[in-house]
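Once you know that position 200 of the sequence shown is 203 in our numbering, the rest is easy, because the numbers rise by one and skip nothing. By construction, the Cβ of each residue, glycine as well, lies at the ideal position given by its N, Cα and C atoms. Encoded as structure tokens, the structure appears first; notes follow it.
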Amino acid sequence: MHILVTNDDGPPSNESSPYILAFVRALEEAGHEVSVILPSEQRSWIGKAHIIGKDVQATYYWPETEEHGTPKSQESKQGKPWVLVNSTPATCSQLGLAHCFKDRKPIDLVVSGPNYGRNTTAIFALSSGTLGAALEAAVCGAKAIAISFAFFDRLNDPKIVAQSCRQGVRVIDYLAKTQEWDAGRVYTINVPVKDGVEKQPVVWTEMLQNQWSSSSCFDETPGAVEDADREETKLRKQESKGGDNNGRGQTETEEDSKWAPRHYKWAPKFKDVYDSVEKAGPGNDGWAVKEGQTSVTALKANFAHVPGFKGEIKL
4 MHILVTNDDG PPSNESSPYI LAFVRALEEA GHEVSVILPS EQRSWIGKAH IIGKDVQATY
64 YWPETEEHGT PKSQESKQGK PWVLVNSTPA TCSQLGLAHC FKDRKPIDLV VSGPNYGRNT
124 TAIFALSSGT LGAALEAAVC GAKAIAISFA FFDRLNDPKI VAQSCRQGVR VIDYLAKTQE
184 WDAGRVYTIN VPVKDGVEKQ PVVWTEMLQN QWSSSSCFDE TPGAVEDADR EETKLRKQES
244 KGGDNNGRGQ TETEEDSKWA PRHYKWAPKF KDVYDSVEKA GPGNDGWAVK EGQTSVTALK
304 ANFAHVPGFK GEIKL
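Here is the structure:
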């Protein structure tokens, strides 16, 4: 197959995008032709957004053959380049399908990911740029899969990551060959980054409908949050620790600052998600991943209707 790969974590990076290069290599080793188009920087939690009123630029990028790296020098460029776009994952899907790879054969499948972290349950999935790119591909008429790697520590042992990559490729091949792809169909896969994952079950699941139980996903801070990369690293650490968040900001209470600008930072309490999975019990995507299983959920790229509401509304 000719597979278009995108993500929301951007180009290879130890801190924010540690899986993309190994995953692309695994797809290639399985015999697939792969075209890669990624956001030029971290774009997590952005959903299916596009940025309007801004020139979108696509640049070419030759990834290092090592697990992580930067673009090769002009003299040592080899193989097919990747494309980096200064926009969102959904925009990457659009440009990849319609513009950037016209010199290659038609794309058979769009794969978004692997996300650095799980996209189980509604809380994570609804904000996910990884799912957003897959949903965008689906509404463009393409077959689309989102894949996320659920890590339990931040060691990212290359041998264990390789197992997760192989597992993901096996599931993708299975879905592409055996499943129906009616209009708007999207599959989302969650693969644990755990030793022995290839020997664990692959299960169909439903996405857990959950909600934030904390009062807010934002903390007030004394001043502006300027380092987005540092804040992203804090979120990753919280996820690997099971949701504990001890980094709350402090609220200014001085009377003389009553009317001064107030500053907030995105600080979701992941413990809400993990607690909801425990309370729900077996059968949902979050539970399967917690148990070390690979979760596969079939979705539709629409806001599904609640049954029972038809006819005229009389006010």
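Do you know offhand how far residue i's Cα is from residue j's?
i, j, result
"Ile23", "Ile40", "11 angstroms"
"Leu7", "Gln214", "32 angstroms"
"Gln45", "Lys180", "32 angstroms"
"Val164", "Ala25", "8 angstroms"
"Asp111", "Asp156", "34 angstroms"
"Ala291", "Asn193", "9 angstroms"
"Lys108", "Asp278", "46 angstroms"
"Leu158", "Val88", "28 angstroms"
"Arg239", "Asn122", "13 angstroms"
"Ala101", "Val142", "13 angstroms"
"Lys105", "Trp65", "19 angstroms"
"Pro271", "Lys261", "26 angstroms"
"Thr62", "Gly82", "16 angstroms"
"Ile54", "Trp48", "14 angstroms"
"Gly120", "Asp12", "10 angstroms"
"Asp176", "His5", "12 angstroms"
"Ala263", "Phe221", "18 angstroms"
"Pro310", "Asp185", "21 angstroms"
"Glu235", "Glu242", "11 angstroms"
"Gly56", "Ala93", "16 angstroms"
DSSP three-state label for residue i, please.
i, result
"Arg107", "coil"
"Pro264", "coil"
"Tyr22", "coil"
"Ile163", "helix"
"Trp290", "helix"
"Leu158", "coil"
"Pro92", "helix"
"Val309", "coil"
"Val206", "strand"
"Ser279", "helix"
"Glu183", "coil"
"Ile6", "strand"
"Glu44", "coil"
"Leu134", "helix"
"Glu235", "helix"
"Thr68", "At Thr68, the pLDDT of 47 sits below 50, so the modelled position is not reliable; the number obtained from the coordinates is stated separately. Here Thr68 sits in coil by DSSP."
"Gln253", "Because the pLDDT at Gln253 is just 48, under 50, the model does not fix this residue reliably, and the value given afterwards should be weighed accordingly. Gln253 falls in the coil class under three-state DSSP."
"Ala33", "coil"
Relative to the C-alpha of residue i, which residue among the options is closest?
i, options, result
"Asp198", "Leu178, Phe154 and Ala186", "Phe154"
"Ser219", "Tyr190, Gly314 and Asp275", "Asp275"
"Trp207", "Arg121, Asn118 and Ser298", "Ser298"
"Gly34", "Gly295, Cys103 and Val172", "Val172"
"Gln97", "Lys83, Ile126 and Glu139", "Glu139"
"Gly144", "Val200, Ser16 and Val189", "Val189"
"Phe152", "Glu67, Ala283, Gly82 and Asp288", "Asp288"
"Ile148", "Val114, Asp176, Ala301 and Phe312", "Val114"
"Gly116", "Ser217, Leu134, Thr300 and Glu183", "Leu134"
"Gly295", "Val200, Leu211 and Ser217", "Val200"
"Val37", "Phe273, Ser243, Trp85 and Trp269", "Trp85"
"His266", "Ala304, Leu30 and Thr224", "Thr224"
"Asp124", "Pro285, Pro310 and Lys313", "Note that residue 124 is Thr in the sequence shown, not Asp. Measuring from the Cα of Thr124, the nearest candidate turns out to be Pro285."
"Cys95", "Gly50, Pro204, Ser217 and Ile316", "Gly50"
For residue i, list the residues DSSP reports as bridge partners.
i, result
"Val189", "Ala147 and Leu302"
"Glu223", "Tyr267"
"Phe152", "Tyr119 and Val194"
By the 10 Å Cβ neighbour count, where 16 or more other Cβ atoms means buried, how is residue i classified, buried or exposed?
i, result
"Gln60", "exposed"
"Asp160", "exposed"
"Gln166", "buried"
"Thr9", "buried"
"Asn118", "buried"
"Val174", "buried"
"Leu30", "buried"
"Leu211", "buried"
When you measure from the CB of residue i to every non-hydrogen atom of the ligand MG, does any distance come out below 6 angstroms?
i, result
"His266", "For the structure depicted, the ligand MG is absent and the ligand set is empty, with no information on it obtainable."
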